[in-house]
Amino acid sequence: MVISNVLSPPTYTDIPAPLGPVVAEYRIAPGTAISYSLTQGQYIQIIDVSGAQCSDFLAFDANNYSQEIDSTVTRTLNGVTNPQAGLHSKYLSQTMEPLVEVIQDTCGRHDSFFLACTPRYYEDAGYPGHPSCSDNFNRVLAPYGIASSPGWPAINFFYNTQVDCHGNILSEESWSRPGDYVLLKAHQDLLCASSACPDDIDSANGWQPTPIHVRIYGANRSAHPAFSRAIGRRVAADFPLRLTQDSAFTPCIRQLTDNLSEYNGFWVPNSFAHRGDQAEYWALRQRAALMDLSALRKFEITGPDAFALLHYAFSRNVEKITPGRSAYGCLLNPHGGIVDDGIVFCFSPVHYRYVGNCDTDGDWLRRIAQRQGWAVDIESVSDRIHNLALQGPKSREILRPLVAFADPIITLDNLGYFRFAAAKVGDIPLLLSRTGYTGELGYELFVHPQHGVRLWHLLMRAGKTSGLQPLGMQALDRARIEAGLLASGYEFDDLTSPYQAGIGWTVAMKKPAFMGKAALEKIRQHPPRVAVGLVLESNEVAAYGQNIYAHGERWRIGQITSATFSPILNRSIAMAQVVPDYAQTGTPVDVGLLDGIKRRVTATVGPLAAFDPTKSRARA
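In this note's numbering, the protein residues as written are 33 to 652.
Given below as C-alpha cells:
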C-alpha cells in the first residue's frame, strides 16, 4: 500500500467535524494526488476544504486492477449524468459491478464526462510542463503496477459540468463551498486515488488550487448514525446547508418502497413497488389515497400587524379569510411576479398560518414586515408540523368514524371546502383541513411528527376495506395536471404574474394597496401569455419546455409547462402558456416534438383543468 501526505494525529479546524469515528485521514496538498485502500463497507468522505476545488477520483477492484470505475457504464445504467444519493446512487465498473455508492452529497454538481486534466490540455492552452491530475495519478498508481495513462477517465467531484439542449458539455465555476463533501460507501475492496486538481488557468478551481481532505470511516454502520442518505441543498445563497430528511411518515413509506427521491429537502416516494403509479392513480380517482406532503413549509404569523402583513403581501383579500377559513393565493413581488403559491389559514386576526413551498417564503414576509415597520412575528414550524393528505371519493367515509372535532358543532359533512378545524383522529390531536392538491374530495391532516407513524398506520387500517392505497409523486403529478393545479418551477416563477400562470382570479385588485398592484394593473390588461390546457391528438406525452406553434405555421406562440397522459380521459394532455391571440377554447395549435420542426402533434386549446374544471369533485 502506498499513501502520501498522511497526517497523524489529525486535528483540523478548517473543515466540518467528522461524521463518525475516523479510521484514517489525509490532507491532499494543492496540485497533488494520493492513493489509498478501502475495504468493503468502509466509507470515504471527500471534502472541499476552501470551496470551488475539483477533486478527481479513481477506484479499482482491489483484486483486479483492470476493473476500474467507468463513467459510461454508470451513466447508462443509472440514466443520469451523475449518481445521487437515493435510488440511482452507484458508480459501476466495466463489468457493471458497483464499486462505490453515493450516500451524501452537499454540492450536487460534478462531472463524469471529462478526463482528469492532462498534459495535452495545458500544452494546447500554452502552458507546457504544467502539473496535471493524470500525471499525478500515474505517479501514485505506478507502485501498484498500474500502467500509465495519458488521460484518466476519472469522476471529477466538484467540477461543474452540464449538458445543454444542443448537446454541448458546459463547464463553469464550481458550486462547492468550503466544507462541502461527497460521502461514498465501498461496495468491495478497492484501491482508490484522489487529487486536488492543479488547474489555475480557468475557473475550474476558482482560479486558485486549494487542498482536498479525505476521511475514511469504518464499515460498522451502527457506529455512524449520521450516515443517512441525503442531498445537501441551499434554498438561497444566504441560507444554511440542509440535508435531505425523513418526514414523520417516511419510516412507514420505506416499508413499502425504495423508490424515493429528494423533493424540497425531504425524501418522498415516486411510486410504491407493490402496485405502481397506475394503480395508485386509480385508487385516488375511484377510492382513496394517502400521501405525504410534509415537504411543504409552514409559518406561524402572529402579532397585532399579522393581518396587515398578509393583506399586503398575499394576493387574496385577507379580510374574507375569517377564523376557521383558508384561501389559496400567492405571495407577490414588486413587479407582479409570483414569489410562491400557498394557502393562508386564519386562526384569529392576530394569528395566521401560511403553508407554501419554500423556506425563503418566511424570509420574504419578514423583510416586508421590517420595511413597513409592522409588529409581527414569523416563525417556521415546518419541523414541528408534518402533514398527510387523504384524498379521493371515499376519503370522507374513511375519516367519519375516526374524527372527533374540538367544536361539537363541526362535522365532516358541514366542514366546507377550504375550511379547517382542530380535531382528533383516535387519540391523536391534529388540524384537519378540507384542502388538497389532486382535484378530488379530500383532507389534509397536520400533526406533530411524534404522532406520524401511528397516524399513518391508523388511517391505512381504517381504509383497508375501502381500498385505500399510498400515493407517490408520479401519480400525484398526473392528478394535479389533470386538475390544472400549478407547480412551482413549471407553471410559474418570480417572473410570472398570476394572470400568466392562470390564477388571476386569486388577485384581489380592489384592495387599496398591495405588493405589485401597480405592475399587475398593467399586466392584467395585456398579459404577454396566458395559461391554457391542451388536448393532444396523439397519445405521445409532451414535455416541459417544448414549443407550441400556430397551427400549420412556423412561428412559436407558447411553451408546454407540464404534461401527462390522462388515464381517466384516455388522452394526452398538457398545461401550457400561449400568447393571448391563441388562447380561445377550441383553437388548434401544434406541439413541436423532437426539434419542433421534424415532428409536430396537433392539439386543441381548452380549459387549464382538463378533468373536472369546475372542481365539482373537490367541492362534493
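Where is the CB? At the ideal position from N, CA and C, for every residue including glycine.
Scanning the segment 577–607 for uninterrupted beta strand (DSSP E) segments of 3 residues or longer gives 579–582, 588–598, listed from N- to C-terminal end. Here residue 189 is buried: its Cβ has 16 or more other Cβ atoms, across all protein chains shown, within 10 Å.
Sequence-distant Cβ neighbours of residue 447 in its own chain, meaning closer than 7 Å and more than five residues away, are 453, 466. With fewer than three CB-CB distances shorter than 8 Å, the segment 424–431 does not count as touching the segment 383–393. Residue 72 places its beta carbon less than 7 Å from that of residue 221.
Taking the Cα positions, residue 346 is about 21 Å away from residue 267. DSSP, read as helix, strand or coil, puts residue 192 in strand. Within the segment 71–153, the complete beta strand (DSSP E) segments at least 3 residues long are 75–80, 87–93, 96–100, 122–124, 130–137, listed from N- to C-terminus.
In the DSSP assignment, residue 286 falls within the alpha helix (DSSP H) that extends over 282–286.
Within the same chain, and ignoring the five residues on either side of residue 485 in sequence, the residues whose Cβ sits closer than 8 Å to its Cβ are 280, 281, 283, 284. Beyond the five residues adjoining it in sequence on each side, residue 251 comes within less than 6 Å, by CB distance, of 73, 74 in the same chain, given in chain order.
Note: residue 433 is not bridge-paired with any residue in the DSSP secondary-structure output. The three-state reading of DSSP puts residue 251 in coil, since its state is none of H, G, I, E or B.
DSSP, reduced to helix, strand and coil, places residue 536 within a helical segment of the structure shown.
Between residue 145 and residue 65, the gap from beta carbon to beta carbon reaches 7 Å or more. The three-state secondary structure of residue 59, taken from DSSP, is strand. By the Cβ-count criterion, residue 300 is buried, with 16 or more other Cβ atoms from all chains shown falling within 10 Å of its own Cβ. By the beta-carbon neighbour count (other beta carbons within 10 angstroms, threshold 16), residue 217 is buried. Comparing C-alpha distances from residue 197 to each of 291, 578, 140, 586 shows the shortest one belongs to 578.
When the Cα atoms are used, residue 487 and residue 573 turn out to be separated by approximately 37 Å. Cβ-Cβ separation between residue 63 and residue 241: approximately 5 Å, consistent with a contact (criterion under 8 Å). One alpha carbon belongs to residue 489, the other to residue 414, and they sit about 22 Å apart.
Of the residues 602, 355, 320, the one whose Cα lies closest to the Cα of residue 498 is 320. Membership of residue 197 in any beta strand (DSSP E) is not indicated, and neither H nor E is assigned to it by DSSP. Here residue 537 is exposed: its Cβ has fewer than 16 other Cβ atoms, across all protein chains shown, within 10 Å.
By the beta-carbon neighbour count (other beta carbons within 10 angstroms, threshold 16), residue 399 is exposed. Looking at the DSSP output, residue 165 bridges to nothing. Close CB contacts of residue 436 within its chain, under the 7 Å cut and outside five residues either way in sequence, are with 455, 456 (chain order).
Apart from the 5 residues on each side of it in sequence, residue 56 sits with its Cβ closer than 6 Å to the Cβ of 248 in its chain, given in chain order.
With fewer than three CB-CB distances shorter than 8 Å, the segment 550–558 does not count as touching the segment 623–631.
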